[in-house]
Amino acid sequence: MIRLEARNQTSRTLLFWSPILAVGITVIAGTIMFALLGKAPIRAIAIIFLEPLGDIFSIAEIVVKATPLILIAVGLSFGFKAGIWNIGAEGQFTIGALSGGSVALALYQIDGAWVLPLMCLAGAVGGMLWAAIPAFLKTRYNANEILVSLMLTYVAVLLLSALVHGPLKDPDGMNFPESRIFHDAATLPILIEGTRAHVGFVTAIVAVAISWLVLSRHIFGYQIKVLGQSQRAARFGGFNEKHVTWICLMISGGLAGLAGLFEAAGPVGQLVPALPVGYGFTAIIVAFLGRLNPLGILLGGFVMALTYIGGESAQIELNLPSAVTGVFQGMLLFFLLGIDVLANYKIRMTQPLSRKLSE
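Right, dumping it as structure tokens:
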């Protein structure tokens with residue numbers, strides 16, 4: 000019989016190498032999957048992981064995909080380190096896009112340098128207000144933040160759909176459920192001419208740097224670490240658990256809302272029902288792939304963005320199903336969590352009790 004036995008001490012080596020091992024095992028498993036599908040496995044892996052790095056346009060698209068993933072994952076890492084599980088970043092992303100986009104539509108005829116900063120502020124505040132709902136219910140009534148934040152995601156998506164079908168619908172849009180295309184003053188400046196890479200990526204880098212300083216050098220980062228390891232120790236240390244909960248959820252909600260605004264004012268350029276595409280959920284994988292460390296999340300965001308761009312190319316060139324990207328991301332999370340389990344437990348082979356008695 001096979002059973003798991005707790006290690007006397009967590010394997011630091013296995014924890015350190017687990018993201019790289021998880022990526023490697025995912026590639027191997029993907030090769031087997033493509034072979035079973037009757038596709039050339041080596042060619043498929045090359046399309047997904049190598050070809051997107053071969054030209055500046057594909058690299059710029061990776062930057063576009065990585066920007067919201069990094070922003071959201073950095074925000075989630077604060078809560079995850081403290082044992083606060085915000086699973087509703089997709090909803091905060093959606094409300095951020097809706098809040099900031101509504102400002103752009105309200106100021107549609109105004110051409111001013113202050114329009115875009117005001118949109119960013121509205122997007123971040125919108126995400127924070129949406130995250131405040133699970134924060135309030137958790138600290139006031141001890142409601143489970145996982146369920147509350149997750150269910151609010153569906154409310155946010157339906158709210159976006161209702162508004163773009165109604166008050167925010169483009170009056171000249173031939174009755175399509177979409178808003179006006181944002182004015183030039185309400186769109187993000189481009190980083191690389193001829194591509195969609197925008198200055199939101201610079202904001203993501205700044206967020207990574209500030210988050211690293213807070214988590215590793217600030218007293219609040221220490222409070223998060225203690226609370227995540229032991230709530231009882233945090234109480235003995237005089238740390239306010241409710242205070243930390245509110246701040247962590249506000250940070251994650253604000254960054255998710257800002258990411259939503261960047262998506263609406265960047266590559267999309269308007270509000271549409273299909274704006275939320277799963278970044279909030281994929282960012283959970285990015286956060287754990289980066290070991291909840293902002294610098295690791297930066298690398299993890301690029302790896303996950305690579306699977307998006309490479310997966311889309313593989314769908315076109317090899318006629319693969321659209322679910323191939325999600326399968327890769329799911330396998331990556333599965334193997335990452337599996338390796339983490341082995342870092343804390345050892346596999347033991349034991350004899351069944353009946354065999355022991357017979358002997």
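Residues in the sequence shown are numbered consecutively from 0, following numbering that gives the first Met the number 0. Beta carbons: idealized from backbone N, C-alpha and C, even for Gly.
Check: In chain order, what residues of the same chain lie with their CB nearer than 6 Å to the CB of ALA155, ignoring the 5 residues before and after it?
Finding: Around ALA155: GLY90, THR93 and ILE94.
Note to self: Looking at the strands, I want to know which residues DSSP matches up with ARG6.
What the structure shows: Paired residue(s): none; ARG6 is not in a bridge.
Margin query: If contacts are defined as beta-carbon pairs under 8 Å, then ILE136 and VAL124 qualify, I think. What distance do you get, rounded to the angstrom?
Written below: For the record, residue 136 in the displayed sequence is Leu; it is not Ile. Not quite, the Cβ-Cβ distance comes to about 19 Å (not below 8 Å), so this is no contact.
Next item on the list: Give a yes or no on whether 8 Å exceeds the smallest Cβ distance from MET173 to chain C.
Entry: This model lacks chain C altogether, as it is built from one protein chain only.
Notebook entry, point to check: Contact check, ILE308 vs PRO67 under 8 Å by CB: the rounded distance?
Noted result: In fact, because the Cβ distance is near 14 Å, the residues do not count as touching under 8 Å.
Notebook entry, point to check: Among ALA81, ALA21, GLU262 and GLY256, which one has its Cα closest to the Cα of GLY227?
Noted result: ALA81
Check: At which residues does the beta strand (DSSP E) containing TYR344 begin and terminate?
Finding: 344–348
Notebook entry, point to check: Going by the beta-carbon positions, is the gap between ALA203 and LEU291 smaller than 8 Å?
Noted result: No.
Checklist line | As assigned by DSSP and simplified to three states, the class of HIS164 | finding: helix
Notebook entry, point to check: Can you give, in chain order, each stretch of the alpha helix (DSSP H) that sits fully within the stretch 112–141 and has at least 4 residues?
Noted result: 114–140
Check: Since TRP84 is in the alpha helix (DSSP H), which residue starts that stretch and which ends it?
Finding: No alpha helix (DSSP H) contains TRP84, which DSSP labels as neither H nor E.
Checklist line | Where the alpha helix (DSSP H) through LEU294 begins and ends | finding: 293–317
Next item on the list: Please list, in chain order, all residues of the same chain as PRO360 whose beta carbon is under 8 Å from its beta carbon, the five residues on each side excluded.
Entry: Because residue 360 is not part of the residues shown, which for the chain are 0 to 358, the question remains open.
Next item on the list: Can you check DSSP and say which residues form a bridge with HIS197?
Entry: ILE189
Notebook entry, point to check: What first and last residue would you give for the alpha helix (DSSP H) that runs through TYR107?
Noted result: From DSSP, TYR107 is part of no alpha helix (DSSP H); its letter is neither H nor E.
Notebook entry, point to check: When DSSP builds the beta bridges, which residues end up paired with ILE1?
Noted result: MET348
Next item on the list: Give, in chain order, every unbroken run of the alpha helix (DSSP H) that is at least 4 residues long and sits entirely within the stretch 201–279.
Entry: 218–228, 230–235 and 240–262
Next item on the list: Write down the C-beta distance between GLY252 and ALA130 rounded to the nearest angstrom, noting that I regard them as a contact closer than 8 Å.
Entry: That pair is a contact at about 3 Å.
Next item on the list: In the DSSP assignment, find the alpha helix (DSSP H) that holds PHE33 and state where it starts and stops.
Entry: Segment 11–35, the alpha helix (DSSP H) holding PHE33.
Notebook entry, point to check: Going by the beta-carbon positions, is the gap between ALA232 and GLY74 smaller than 8 Å?
Noted result: no
Notebook entry, point to check: For ILE283, does the three-state DSSP call read helix, strand or coil?
Noted result: helix
Next item on the list: Go through its chain and collect everything with a Cβ distance to THR306's Cβ below 7 Å, but skip five positions before and after it.
Entry: ILE47, THR324, PHE327 and GLN328
Checklist line | Sequence-distant residues of the same chain with beta carbon closer than 7 Å to PHE56, five excluded per side | finding: For PHE56, where only same-chain residues beyond five positions count, the Cβ hits under 7 Å are THR194.
Next item on the list: Would you kindly check if the distance between the Cβ of ARG234 and the Cβ of GLU4 is under 8 Å?
Entry: At the C-beta level, GLU4 and ARG234 stay beyond 8 Å of one another.
Notebook entry, point to check: Would you say ILE223 and GLU144 are within 8 Å of each other, going by their C-beta atoms?
Noted result: no
Checklist line | Neighbourhood of LYS241 by C-beta distance below 6 Å, restricted to the same chain and skipping five residues each side | finding: THR138
Notebook entry, point to check: DSSP three-state call for ILE180: helix, strand or coil?
Noted result: ILE180: coil per DSSP, three-state reduction.
Margin query: For the stretch 308–320 against the stretch 212–220, do three or more pairs of beta-carbon atoms, one drawn from each stretch, fall closer than 8 Å, so that the two count as touching?
Written below: no
Notebook entry, point to check: Can you list, in chain order, the residues of its chain whose CB lies under 8 Å from that of GLN230, leaving out five sequence neighbours each side?
Noted result: Closer than 8 Å at Cβ, skipping near neighbours: GLY82 and GLU240.
Notebook entry, point to check: Among ASN141, LEU212 and LEU120, which one has its Cα closest to the Cα of GLY386?
Noted result: With the chain covering 0 to 358 only, the question about residue 386 has no answer from this structure.
Notebook entry, point to check: For ARG290, does the three-state DSSP call read helix, strand or coil?
Noted result: Correct three-state label for ARG290: coil.
Notebook entry, point to check: Are there 16 or more other CB atoms within 10 angstroms of the CB of PHE280, so buried, or fewer, so exposed?
Noted result: buried
Item checked: Alpha-carbon spacing of ALA282 relative to ALA258, whole angstroms -> 11 Å
Check: Which word fits GLU262, buried or exposed, when buried means at least 16 other C-beta atoms lie within 10 angstroms of its C-beta?
Finding: Label assigned to GLU262: buried.
Item checked: Among MET173, HIS197 and ALA142, the one whose alpha carbon lies nearest that of ASN85 -> ALA142
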